[in-house]
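Notes for the one structure printed next.
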Amino acid sequence: MGGTCSSKNNTAVTLEPQKNMGNRQGKAASSSNDMQKRKEPTPKPDPPPPTVITQQKVEELQTAVEPPKIEPAPAPKPPSLASLDFYRDDVQKLLFGQLGFVKNTQKPRMVRMFVSAVAVDSDLERNIFWKHIYPKLRSHCSKLGYEFLAVDPQEGSWTNLVQDKNTRDICSNVILECQAKSTGPNFLLFLNQKHDRCICPKQIRSTAFDRLQKKVDEEQKELINRYYYHDTNAIPQVHILQPPHESHDDFADWPQTKERICSIMRSCWGKEEKEFYMASDIEMDVSDGIFSPTSSKEGTVWVHRVLNDFDSTDEVAWKYVDLAGDPKEPDGHSQEQLIQLTRRLADQVIESHFIKFNVPWKEGGLDPQVHSSHQQYVETLKSSLLKQLMEIIEKSISEKERIDEEIQIAKISNRLFDEVLHHTLIAQNHCKSFVGQTDLLEDLKNHLTNDSKQVLLIHGATGSGKSGVAAKITKMCQRDSMANVIRFVGSSGASCSVNSLVQSICEQLTHIYQEHVSVSYKGADKLGCTLSQLLMKASPERQVLIVLDGLDTLDMNVSWLPTTLPSHVKLLLTCTSSTKTHENIKSHLGSHLVEMEIPALDEKTMTNLIERRLQSKGRTLNEEQLTFLNKKVEKQPAPLFVHMACYEACQWHSFTPSNELSLQSSLIAQSDAIFESLEKRFGRTLISCIVGNLCTARYGLSNVEMNDLLSTNSDLMKKLKTECVPTMLLESILLELEPFIQSNIKNRICLRQFRYRVILETATKRYLDTNEKKAGLYSKLRNYFSRQSVKNGDMTNVRRLQELPYHSFQCGDKSYCKTYIWDQDWMMLKLKECGVYELLDDVALALQLKPNDLDLKLLQNMLQVSAYSLICDGYQLFLQIQQRMGDTLKGQETKYPCMVTLCNMAYKPPYSNFQPSHACLKPLDASESLDKTQESDLTAIFRIKGDDKHVISVSSAEGVVSVWNIVTQKAVRTLTNIDQPRNVCCIDSYKVIVLCNRVLRIYNLDTGELESELKGTMNLKMPYFAMHDEEHVVALSRNRMTVNIIKRSTGDVVSTFKVGEDRFLNSLLVSANGEKCVCGDETQKPSPLLVWDLNNRKLVHDLRIPQHEFITKMSSISNDGHYVVCVIKELGDTSANFVIVYDLLSGQLFKKWKPSFNTTAVSISVEGGCVVNALQDGSLIVWDLSSGGSRHTLNGHTDPVDSIYLSQDGNRCLSFDSTQKDRTLRAWDLQTGERLASFTPDEPITCCQISADGSCALIGLRSQSTIVTLWIRNKDSVDIPKESTSYGDSTHNGKVYKLGE
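So the number in my numbering is just where the residue sits in the sequence shown, counting from 1, plus 30.
If you want it as structure tokens, here you go:
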């Protein structure tokens, strides 16, 4: 078997690493606390023969090498600058604001699908889709947390409202957006046997038009020139179709005229030109949606219905097949085009995404009400199409969630990632269109690169280009040693309030300077101090530039701004001149402020900007138009006005009459003209509804929400003469508004809001000019969100939580505080789904209603202080209130009635959670600093064998071992003057073996006596030991080549195990019953697991898997010695590692799992019938030992867990990140998968343990020298015990033993 044993006495061998001593204590193996490995020797090709070690050889081994003087390893010197190498490269670039290197990775939770069909032919199929399939798909997606939106150009009547706009361009844009944003299907095609007639092209490139004119006669030439106008403003130039107006004499004959023009083009053009210009609508849809470079096979579904035995002479045959001639016969040209199209589609569409139906033809066409075969077709279509679309959606969402999980392992929160990315992308867009201001930029750069410690303020008029300058100078200052933190205030949900704005800035800085993120979660008044402390971390190697654009957007308090900047820190602010915010900044900063005003654009810059704007849209202007534009811009030389004027000028053709050219002379007037132009085309009622909703929404609205709101507006529906707003109509209007609207992805939902403040203000003044109109819209939005379900399946309706309180407040809801602040269910849901800062925003609204309410003020203060804990888990709310204000609120029922009620809930909380036995959190008014040097006495906690009422703690630095009463949290025994106690193993309830530096000593904790010291020294980096029985200790030798069995009474080595020459052990696991031992061999390749039968003292299994290597630092053995679980990696494979379970009785592989992410810790419990598997993404999987399936996935941790502690019965566990990146301790029910409790203290947890019965957790905190007992409580819990049994001799209770005196 590769090894034998010789022993003086009948002694069993127990091999267990220090890390896994807690198999008796319930602690899992971990990757984070792994000790450094010694250099691996060169493996030999064949293992050596078994070595028999005699007692004489044992004694020689003991005396061969004189043990060195025992000295603690010197502490490494901390680096001067924290490394950021553990961040992904894209995350580093994002955190440092490197505008030129950040890419948009945001994709909303949306399934967005374009529906293409020949209108008359697909009426039946499209009606089935909209009435029966669409509602089910939308409901299904909402249960998965996704929005579903289908856009059908054939739905309803909308093209007449677009008038002169090119509907083809609108469809192309919508298809492109579906492809870019949709998860799953993005193009649904109903293409049967009708191709549809080719239409006159809306526009023709002038080069092609010239070729056409050379091939026609004079009469034909005169005809096409009459209706196609040459537009030299287009780049390249085009000829645009101009149909006759209704009042023109030619209007009545226009259908015949169009057909004649088509006939001319069809006969004169070659194949390529006909395919390009004379395609039908459905051909162009297919070209954009299926054959374009942006399309994907996975996103396309084709429904194809074939009518068998078709009769072309039927009077309704024209609906299903293209006919021509007299008598009507199938159109050969259209049929040929259809055949070519379907052949191409067959090659492009995935077979399973192609749904074909053969339907018998009946006189009068398709009629499910009359023909049973047609009714059967309808039912089959319903089920087949619904099933196919659902399968694609579920598969795509599953894949997206997997990718999102991988992206999530970015070492920063998704919330911060999305926020920083949002502002970075805005800055990138500003830089792309920026022109001019060379002198100003040079002055700004000089200030930002000199030694000045003054804050820089850029101010200017509305639309003067402050945001563009802020973005441009940020990019100009970009360098490796400079971190750029940029925010465009008000452009995102997290920048719409001072609390969340300052918090996100501080959180970004904590990552840049490697401080714990907890310091960034407070209120703005406290974060101002934190911001100053974080900025003090700046250095020449890591400077920081903070850019805050548009501080006047929110008219916010600016007292949090630092008045004095440390070295290597620059702060750039922008605001509108002469506003209240401008005055407040000057007053607050005083002489510490340098101001620069943005000058008006010079003539050269305006010319360049106009040219760039026009070229970006593929347009130019004739001389007369350009002169007209320049004169208008000269009166308003601001970038935003140029942008708006060019937007209007892009609508001009070269043949547009001079009297139709129109531009206003101010930003407000030009903004008003934009809405007036939309009203002329779409009607004031429709525009006022859309724009009004955008103005009143709190964070913006999604396309789905806007469609719903319009469709529930009865007055609008009467006006449009339809039951619901055609989806394409809204898309058309949003496309028109695109230059002035921005998308904001909040909680993975894509919301639309106005991009520019002047546009928003103009729209508000135009459409919400009375309080009655405002109240009406706020009421409609409140009713819309209140009608929605709180939950869709397992998914909470976050949008309802975000918008409903705001609109209720705006409606003057008298029950606002009761409903949205003090209702415990609402409050907990808001905290869980939206976070503490959105709840703080709701509290701020409540304080506007009740500015002197003491309850609200106290709640606001508490939420700010406890922000980090509540971000980690909102269910800690009652615990946080009781711990921070329990004493303050006693007897204050009259003054703080609501807060007292919440505080009292902590003792029997409505939601299961921890309840500390005594106060261990700081009061509200406690001060805090980033520089903390005090360390806790407690470094480890151990359960006591046979005693579930007491625990043992060690404090290595202070040399203390203590026994604690769990109930009273008082030390009942304390042993001092112990040399660096590091680990404890219980012999019985009183006698323990303590690892003292590198020596094993036996103490009687009851009497405080040192009973004996075992001979020899332990390995410095792997001092593994354990108990075999009450008389024998098993320890890894100093050279890690042997395992020694030491007799406790004499301290002598009585047996030694050796596997072979030059083979080094790197782990030891021992079952609680002492029957099995497993150790890892790091020398052999592939590395084996060695299994020892300790009762028979022999090696029974040498476990190996070819091309795999055991990661023994992450392993655990069951208490009965039946199973061992270990992480194993496949050599050369970069994917996630495996987790395997071996049956130690048979030596056979029992279970094997491959999680989605690498494992960080494992633990096994036969009693609980499970393996608990912590993963790199912060989740834990509970694997069922019997079935091998995943029992539960436990989510909540923000960083990987490296420590798992199991209760004695294996039904409960604690999970913990000892690196403290995630400071929250969590308790779980392994049978139900439920979260039992969580606790996020103010100070880091230095050690923890779960009680044997799983009723409580024991922790040590850095700032406290005693244990803290956290009882798991819920509303049905019995009272916390107040008394407990004594430990040992009761006369020794509380005694302190000073050893060595």
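Beta carbons are placed, not taken as given, at the ideal position from N, Cα and C, and that holds for glycine.
V148 has its alpha-carbon roughly 10 Å from the corresponding atom of V351. Only exposed fits P940, as fewer than 16 other CB atoms lie within 10 angstroms of its CB. The Cβ atoms of D311 and P183 lie closer than 9 Å to each other.
Of the residues T237, S744, I763, Q666, the one whose Cα lies closest to the Cα of C754 is S744. According to the DSSP assignment, V181 belongs to the beta strand (DSSP E) that extends over 177-181.
Judged by DSSP in its simplified three-state form, F321 adopts coil rather than helix or strand. Between the alpha carbons of C847 and E833 lies a distance of about 15 Å. The three-state secondary structure of F387, taken from DSSP, is strand. For W284, the uninterrupted alpha helix (DSSP H) segment begins and ends at 284-298.
In this structure, the beta-carbon distance from Y867 to S548 does not fall below 9 Å. Judged by their CB atoms, L765 and N203 are nearer to each other than the 9 Å cut-off. I1135 sits in coil when the DSSP states are folded into three classes, being neither helix nor strand.
Inter-segment contact for the stretch 1319-1330 and the stretch 1295-1302 is absent: fewer than three beta-carbon pairs are separated by less than 8 Å.
Counting C-beta pairs closer than 8 Å gives three or more between the stretch 116-132 and the stretch 489-509, which meets the contact rule.
For the stretch 466-510, the full-length beta strand (DSSP E) segments reaching 3 residues or more read 485-490 along the chain. Our two residues, Q533 and L557, have alpha carbons roughly 7 Å apart in a direct line. In the DSSP assignment, L1040 is bridged to Y1033.
Listed in chain order, the alpha helix (DSSP H) runs fully inside the stretch 527-587 are 528-542, 554-565, counting runs of at least 4 residues. Per DSSP, reduced to three states, the secondary structure at M825 is strand.
Residues of the same chain with a CB within less than 7 Å of the CB of F1140, apart from the 5 flanking positions on each side, are G1110, S1117, L1119, C1156, I1158 in chain order. Per DSSP, reduced to three states, the secondary structure at S896 is coil, with no helix or strand assignment. Scanning its chain for C-beta atoms nearer than 7 Å, with the 5 sequence neighbours on each side dropped, one finds around A1166 the residues K1184, P1185, S1186, F1187, N1188, in chain order. The three-state reading of DSSP puts A347 in helix, counting H, G and I together.
Closest option to D702, judged by alpha-carbon separation, among Y814, A793, D872: A793. If you compare the alpha carbons of T611, L561, Q573 with that of G580, the shortest gap goes to T611. Measuring C-alpha to C-alpha distances from G1198 to each of F217, Q912, N1126, S1148 identifies S1148 as the nearest. Taking a 10 Å sphere around the C-beta of F116, we find fewer than 16 other C-beta atoms and assign the residue as exposed. Here DSSP, grouped into helix, strand and coil, assigns N1323 to coil.
Take the alpha-carbon of D632 and the one of S696: they are about 17 Å apart.
Rounded to the nearest angstrom, the gap between the Cα atoms of C719 and N737 is 11 Å. Separation of L619 and L601 (C-alpha to C-alpha, rounded to the nearest whole angstrom) is 12 Å.
The beta-bridge partner set that DSSP reports for W332 consists of L219, F384. R782 is bridged by DSSP to L731, S773. The three-state reading of DSSP puts P669 in helix, counting H, G and I together.
For W994, the uninterrupted beta strand (DSSP E) segment begins and ends at 990-995. The distance from the Cβ of H383 to that of Q418 is about 7 Å, consistent with a contact at the 8 Å cut-off.
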